[in-house]
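Mapping of the sequence shown onto my numbering: position 324 corresponds to residue 1170, and the numbering continues sequentially without gaps. Don't be surprised by glycine CBs; every beta carbon is placed ideally from N, CA and C. If you're wondering where the values come from, they're calculated on a predicted model, not measured in any experiment. Right, one structure below, let's go through it.
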Amino acid sequence: MIARNRHRIWLRIGGLALLCLALIVALVMLKPPKVLPLPQPKESLEAVFQTDIENIRSFTVYPLNYPAYTLVQLDGHFAVEGQPDYPLKETDIAFMAEHVAAVTPAERVDEWVDTPLNRANFGFADNTVRVTAQLKDGRSIGFQFGADAPTETPSVYFLLDQDQYLYTMPASVRDLFDQGLHFLHTVPDISTTDTSDILEISVNASERSVRLLSVGTTWALTEPLPYPASSDAMQRLLSTVQQLRLAVFVTDIDDQTDLSSYGLAQDTTTITIKRRDQASLVLELGADIHGIGAYCAYEGAIYMVSYLALGALHHLDVQGVAFQGITDIPFADVKHIEVRTPELSRKYSVQWVERVAPNNQLVLDENGQVQMDAKIMLEGTVVDADALTKFYQRLEAMQPAKPLPLDIDLPPTPKLTISVYTKGDSRILSFYAMDDGKMALSMDGYVVWAYEGQAVEQALKILRNS
């Protein structure tokens, strides 16, 4: 009896506990969510130091990894102390002078207590990027940049001499002062105004030599072999040449310059751009710089140039610019075609006649030009133009299966030879069987690409069945 009553008591206690838990859950779920206050915009600081730029007599910059230098104001412009003729980038110098004349931090962090611990915590213990300035009114100022600050936008800690606060400053301001003097040296414009002025492009290195020549509206390789150039590849290459630029000045070249330290003493790569209305551009590339660029000698000085700016010029080779099709002659220009295999020999003549509508009117295309039809003759007999047209279209559409060594040894006899003649040009296209089922194409005696043998056979089958 007692045990049964105890059991009932525990059941009632358990029920009450569950009821309380349910009420708590219900209250939590019914309680309105806490509304966080919207972030308030931070009030931007005004300049903590300000003067007129004209009041700056000079300022000295102490970059982290480069020698310090001083810029002196002379007749309204800044010049390098001791080197008044040193050519400076006016835009960068103007930005630097503005930040010296108006010191405007991003935020005020707290009052500054100058202790070794604080200097270590905020990046002022070791060498820092510093600037000191002398003003014409007799005053002087100085400021320094510390460690990166944990802010939404990139910024660093900042101290202004004789000021009681620690600030943050945009990292871009620190970067402006954290550059050696040579970064402020002007860089010549080496771009080409109009790509139609480019006559020749050549790249000569110890392991390769590539030369491209403008031929009317097209381009052709002349070294290391004569071969038509790809119009798409040339368009990209010409665009690179048109926008070519140097990055940073390093030093002038004189008798004391150690060219070997820049990789410019020997085994250099020489890029030459011959232009119609501008002087030829000659760049000599030396040692690599951290995989992103190289030292470059140009007109008596050494610069840095990025591989991004050089584009395909950096590694220009035959396969990078060579025409990738089988024939670069449009069918509309063809006068004669000869096709020879061990089992087949055909000579076609192509005449182009005006297309006439049933009403005896000439048929015009969308540009108002008279449309022409091919009249094909085989050994003097008119034949259906369809087969030869489709055969030639197949040749034009084929793309290489793989590149080949330029000095590859070919079998003594080709499996197929196609001779294409125009009014003033010709192409002798010979296909040689390879062990892997592909066919090497010799264009006028020079080999660059191999094509799928089955694709070549399928094209030839069109003629065999006609």
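- Separation of residue 1142 and residue 909 (C-alpha to C-alpha, rounded to the nearest whole angstrom) is 24 angstroms.
- The segment 1206-1256 contains, as complete alpha helix (DSSP H) runs of 4+ residues, the segments 1231-1243 (chain order).
- Under the DSSP assignment, residue 1083 falls in the alpha helix (DSSP H) whose first and last residues are 1077-1088.
- Counting every other CB atom within 10 Å of its CB across the protein chains shown gives residue 1119 a total of 16 or more, marking it as buried.
- Note on geometry: alpha-carbon atoms of residue 1058 and residue 1078 lie some 14 angstroms from one another.
- Residue 1096 has its alpha-carbon roughly 8 angstroms from the corresponding atom of residue 1029.
- Pairing residue 1103 with residue 1111, the inter-Cα distance amounts to about 10 angstroms.
- Boundaries of the alpha helix (DSSP H) around residue 1156: 1153-1156.
- Beta-bridge partners of residue 1275 (DSSP): 1264 and 1289.
- Its chain contains 1051 and 1131 as the residues whose beta carbon lies nearer than 6 angstroms to that of residue 1115, once the 5 sequence neighbours on both sides are disregarded; these appear in chain order.
- Taking a cut-off of 8 angstroms for Cβ pairs, the segment 1002-1017 and the segment 906-920 do not touch, as fewer than three such pairs fall below it.
- Between residue 1056 and residue 1167, the gap from beta carbon to beta carbon is short of 9 angstroms.
- Under the Cβ criterion (8 angstroms, minimum of three pairs), the segment 1060-1078 does not count as touching the segment 942-952.
- As computed with DSSP, residue 932 is found in no beta bridge at all.
- Scanning 1022, 1227 and 1152 for the CA closest to the CA of residue 1136 turns up 1152.
- Counting along the chain, residue 917 sits inside no alpha helix (DSSP H); it lies in the beta strand (DSSP E) bounded by residues 915-920.
- 9 angstroms or more divides the Cβ of residue 969 from the Cβ of residue 940.
- Along the segment 980-1066, the beta strand (DSSP E) occurs as fully enclosed runs of 3 or more residues at 986-995, 1001-1006, 1011-1016, 1044-1051 and 1054-1061, listed in sequence order.
- Take residue 1041, set aside five residues on each side of it, and the residues of its chain with a beta-carbon closer than 8 angstroms to its own are 1084, 1085, 1087 and 1088, in chain order.
- Setting aside the 5 residues that flank it on each side, residue 1283 is surrounded in the same chain by 1299, each with a C-beta closer than 6 angstroms to its C-beta; the list follows chain order.
- About 7 angstroms separates the CB atoms of residue 1254 and residue 1286; that is less than 8 angstroms, so the two are in contact.
- If you compare the alpha carbons of 1192, 1149, 1187 and 1228 with that of residue 1198, the shortest gap goes to 1228.
- A Cβ-Cβ contact shorter than 9 angstroms links residue 1271 with residue 1175.
- Only buried fits residue 925, as 16 or more other CB atoms lie within 10 angstroms of its CB.
- Taking a C-beta distance under 9 angstroms as the contact criterion, residue 1302 and residue 1262 qualify as a contact pair.
- Within the same chain, and ignoring the five residues on either side of residue 995 in sequence, the residues whose Cβ sits closer than 7 angstroms to its Cβ are 1001, 1002, 1003 and 1014.
- Closest in alpha carbon position to residue 1018, among 999, 1031 and 1027, is 999.
- Residue pairing for residue 1149: DSSP places it in a beta bridge opposite 1095 and 1142.
- Closest in alpha carbon position to residue 1038, among 1181, 1125, 981 and 974, is 1125.
- Its Cα nearest to that of residue 1022, the residue 938 stands out among 897, 1216, 938 and 1226.
- Contact between residue 1260 and residue 1277 holds, with the beta-carbon distance rounding to 6 angstroms and staying under 8 angstroms.
- Going by C-alpha positions, residue 932 is about 38 angstroms away from residue 1010.
- Residue 1295 is bridged by DSSP to 1249.
- Secondary structure at residue 1166: helix, using DSSP grouped into helix, strand and coil.
- Counting along the chain, the unbroken alpha helix (DSSP H) around residue 963 starts and ends at 962-967.
- DSSP lists 1119 as the beta-bridge partner residues of residue 1127.
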